[in-house]
Amino acid sequence: MAKRRAKGAASGGSERGGKRGKRSTATTSSTASTAPSAPSAASAASAASAPSAPLVAGSDGTWADVRVYVVPLRIGAVQGRVLRNRVAALGGAVHDFVSPTTNVIVANLDVSELIEWLRQTTWNESNTPQEEPRFHKLDYLVDSLKQQSPISPHDFRLHSDEEYVAQVKMAKYQQYRREHQRRADVSGTRTVALSVAGSDKMVSLEVSDELAKKRRKKARVLASREFFACQGAKATDPKGNNMLVSRQLNELADMYKAEGDQWREYTTRNAARRIAKLPFALKSGAEATKLPKIGKKLGAKIQEILDTGSLRKLENFKADDKVVALELFQSIWGVGAATARKWVHQRGWRTLRDVRDHADSLTTNQAIGLKYYHDIKSRIPRSEVMAIEARVREVATAVVPGVALTVCGSYRRGRLTCGDIDVLFTHPDDKVAVSAVSRVVPALHDAGLLTHDLTSDNRGDSYMGLCRLGPDSLHRRIDLKSFKQSEYGCALLYFSGSEHFCRSVRTWARRQGYSLSERALVRRFSRDTKSDLPIPGLFTEEAVFQALGLKYVPPEERDI
DNA sequence: GCAATATGGAC
DNA sequence: GTCCAT
DNA sequence: TTGC
Ligand SMILES: O=c1ccn([C@H]2C[C@H](O)[C@@H](COP(=O)(O)OP(=O)(O)OP(=O)(O)O)O2)c(=O)[nH]1
Ligand SMILES: [Mg+2]
């Protein structure tokens, strides 16, 4: 069955860095002698004597939390001094430089000039605001100072002001990407994990790795990890600025999937994910094409959505009964793009009834998928997963003493409902570990929990099938997999997903010269060894993250 | 022209 | 090798 | 569909 991907709510990441940008060396300074124009009549001078007014949206109406930097361009010395004194007199802080605590930046520039200023400035740890500052035009500060009663930025020329902020944010985002195209940090250490006798706990040690240290010299220019979805830590924009766009692109991806167009699906869905997490509203398709992996075609589609609220290409797909049927058929477990295409285009089928009427042309698994179509489609409440886990654990420990099992997948990521149950098994004895599933499966059948097999080879280390708690419960999809303890870190990382997270980690690994599978992390043929070199000791997920130079991400934050 | 995760079972 | 799955 |  083709699982429908998460709706526009997911966050995403681009795994391919943008082009390398030249770094400007210009530095910002409050004493910059660059103010080009003569002081015009300081419009702010007349702003005197007003009581407090808020400068930041949602502030408490005082200036206490306002820490402002005034860009010293197109602002005369006199006007600048007056503004700064005024803010200070009302209790706000005035910064001579942009600092980590600056939260308001005021500039008497148009957007392109401000973008240029951002570009010309070398941003580093000491001058990059920790929280996204608000950008405002000079008028904003002047008017805020002038007001008797408090005004919020949203009351003030809402449209142009928000537009200004959005454009600047995009420029800053791109600046950030450019600045972070840098050399990978090859740590020169690697992790060794030791299993502790009589326990399934393991200990990680970091040891010096002479090989890695040698490699440090040869480290090539690699993408920076913060641009990978698996390190993004960015959730969907809570304000839902671009919901309309991201939802429709995600639906378009569903249509491409229905047609079996894997790569259009992939790019479109990633675009939808990344747009969903932008912290500001897209204003045009052209603006969107500044994001990596959003090119001309997607830009035009986004523009159409912004203009008309809908996308003709998507509407056409949705109105096409062939496409609707393709999607329907692929939602049967065991039916993929090729089979659906055959049924629709060669046999003219359109409904589940059509499929049911030709049951003889189904594979064994498809027949099961069709019979339990609705059971399999419905999501499993977390509580039911826990009940199934308890039964599996009970049976498994009885038949394989000392076995350890972990329910992974969306359950481990903390989802309240799950599409299926994904269970990993291991055991301190490798021989027992790899045979765990094949020993447990017959016992689960005997216990009445397993009802249908979707894998027939029952000697393997992997099982797929249906299970149910009892005659009043729905049939649920369940996957069981066995791994050696030495593979368990990689196995947990794989089986816990999400799919997008998994692909992101593996793409990152490949960029670093590794290949990551559910069993192992291997260094791809290093000249010296002439063949692939498995990294030993990856008993835990932490060890795998560390070996890859990634910050550990708990399962709950992998739900991207 | 090619890669975009990596792997395994069924046929 | 293709299809389908995770 | 995008980017190299
Ligand atoms: O194409 C895929 C699909 C899945 N996986 C991994 C990640 C995923 O988390 C795990 C289990 O897959 P499943 O399909 O069960 O996804 P899930 O994350 O558990 O979500 P659901 O609630 O739909 O089961 O297998 C992949 O690597 N590639
Ligand atoms: Mg699952």
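The numbering of the first sequence is the UniProt record's numbering, which starts it at 1 and goes up by one. Here a beta-carbon is modelled for each residue, glycine too, at the ideal position from N, C-alpha and C. Since we're looking at a predicted model, the values are computed, not measured.
On a Cα-Cα basis, can you pick out the residue from the options that is closest to residue i?
i      : options                           : result
Ala447 : Val392, Ile535 and Ser498         : Val392
Trp343 : Arg312, Thr451, Ala258 and Ile388 : Ala258
Gly91  : Val66, Val71, Asn103 and Gly80    : Val66
Asp74  : Phe539, Asn108, Ser99 and Gln366  : Reading the sequence as shown, one finds Arg at residue 74 and not Asp. The candidate whose alpha carbon is nearest that of Arg74 is Asn108.
Pro554 : Lys481, Val437, Gly470 and Cys408 : Cys408
Thr455 : Glu226, Trp333 and Thr128         : Trp333
Gln485 : Thr507, Gly402, Phe525 and Leu474 : Gly402
Val400 : Thr451, Glu304, Ala443 and Gly465 : Ala443
Cys490 : Ala520, Lys481, Leu480 and Arg468 : Ala520
Arg468 : Leu138, Ile421, Asn270 and Ala547 : Ile421
Phe228 : Arg264, Arg274, Arg347 and Thr102 : Arg274
Ala272 : Lys283, Gln248 and Trp263         : Gln248
Ser383 : Ser504, Ser473 and Val395         : Ser473
Arg413 : Phe501, Ser99, His445 and Ser517  : Phe501
Ala404 : Phe483, Leu362, Asn270 and Pro381 : Phe483
Thr128 : Val106, Leu145, Phe97 and Thr426  : Phe97
Asn458 : Thr451, Ser438 and Pro471         : Ser438
Which residues does DSSP pair with residue i in a beta bridge?
i           : result
Ile294      : In the DSSP output, where bridge partners are listed per residue, Ile294 has none listed.
Ser482      : Phe425
Pro381      : Thr417
Thr406      : Leu424
Gly465      : Asp453 and Ile478
Leu521      : Leu516
Pro534      : Val522
residue 619 : Summary: the structure shown does not reach residue 619, with the chain confined to residues 1 through 560, and so no result is reported for it.
In whole angstroms, what is the alpha-carbon distance linking residue i and residue j?
i      : j      : result
Asp453 : Pro279 : 46 angstroms
Ser435 : Tyr552 : 30 angstroms
Leu205 : Ser126 : Confidence is the limiting factor: at Leu205 the pLDDT is only 31, short of 50, which leaves the residue's position unreliable, though a coordinate-based value still follows. If I take the Cα positions, the gap works out to 33 angstroms.
Leu244 : Ile305 : 8 angstroms
Phe317 : Asn241 : 25 angstroms
Thr397 : Val423 : 14 angstroms
Gly497 : Leu416 : 15 angstroms
Leu493 : Phe539 : 11 angstroms
Pro534 : Tyr514 : 9 angstroms
Gln79  : Ala281 : 33 angstroms
Leu328 : Asp532 : 43 angstroms
Lys296 : Thr289 : 7 angstroms
Arg477 : Tyr373 : 11 angstroms
Ala286 : Tyr266 : 21 angstroms
Val440 : Ser462 : 11 angstroms
Tyr69  : Gln130 : 14 angstroms
Cys418 : Val142 : 54 angstroms
Ala340 : Arg356 : 14 angstroms
Ala88  : Asp559 : 45 angstroms
Pro428 : Gly232 : 35 angstroms
Arg503 : Cys230 : 9 angstroms
Lys22  : Lys322 : Confidence at Lys22 is low in this model, with a pLDDT of 33, below 50, so the placement of that residue should be treated as unreliable; the coordinate-derived value is given next. Rounded to the nearest angstrom, the two C-alpha atoms are 50 angstroms apart.
Ser37  : Ala64  : Any reading at Ser37 must be qualified, since the residue scores a pLDDT of 32, below 50, and its modelled position is unreliable; no value is offered.
For the alpha helix (DSSP H) holding residue i, just list the boundary residues, first then last.
i           : result
Gly285      : Gly285 to Ala288
Ala272      : Gln262 to Ala276
Arg510      : Glu499 to Arg511
Cys490      : Tyr488 to Ser496
Glu131      : Where Glu131 is concerned, there is no enclosing alpha helix (DSSP H), given that its DSSP letter is neither H nor E.
Asn316      : Arg312 to Ala319
residue 565 : Given that the chain is displayed from residue 1 to residue 560, the structure contains no residue 565 and the question cannot be resolved.
Ser246      : Met243 to Ala258
Arg542      : For the record, residue 542 in the displayed sequence is Glu; it is not Arg. Looking at the DSSP string, the run of the alpha helix (DSSP H) that includes Glu542 is Glu541 to Ala547.
Indicate, with yes or no, if ligand 4 has a heavy atom lying under 8 angstroms from the CB of residue i.
i      : result
Arg379 : In the structure shown, ligand 4 is absent; the only ligands present are ligand 1 and ligand 2.
Starting from residue i, trace the beta strand (DSSP E) both ways and give me its first and last residue.
i      : result
Arg67  : Arg67 to Val70
Ile75  : Here Ile75 belongs to no beta strand (DSSP E), and DSSP marks it neither H nor E.
Arg134 : Arg134 to Lys137
Val106 : Val104 to Ala107
Contact shell at 6 angstroms, judged by CB to any heavy atom of ligand 2, ordered along the chain: Gly409, Ser410, Cys418, Gly419, Asp420 and Asp422
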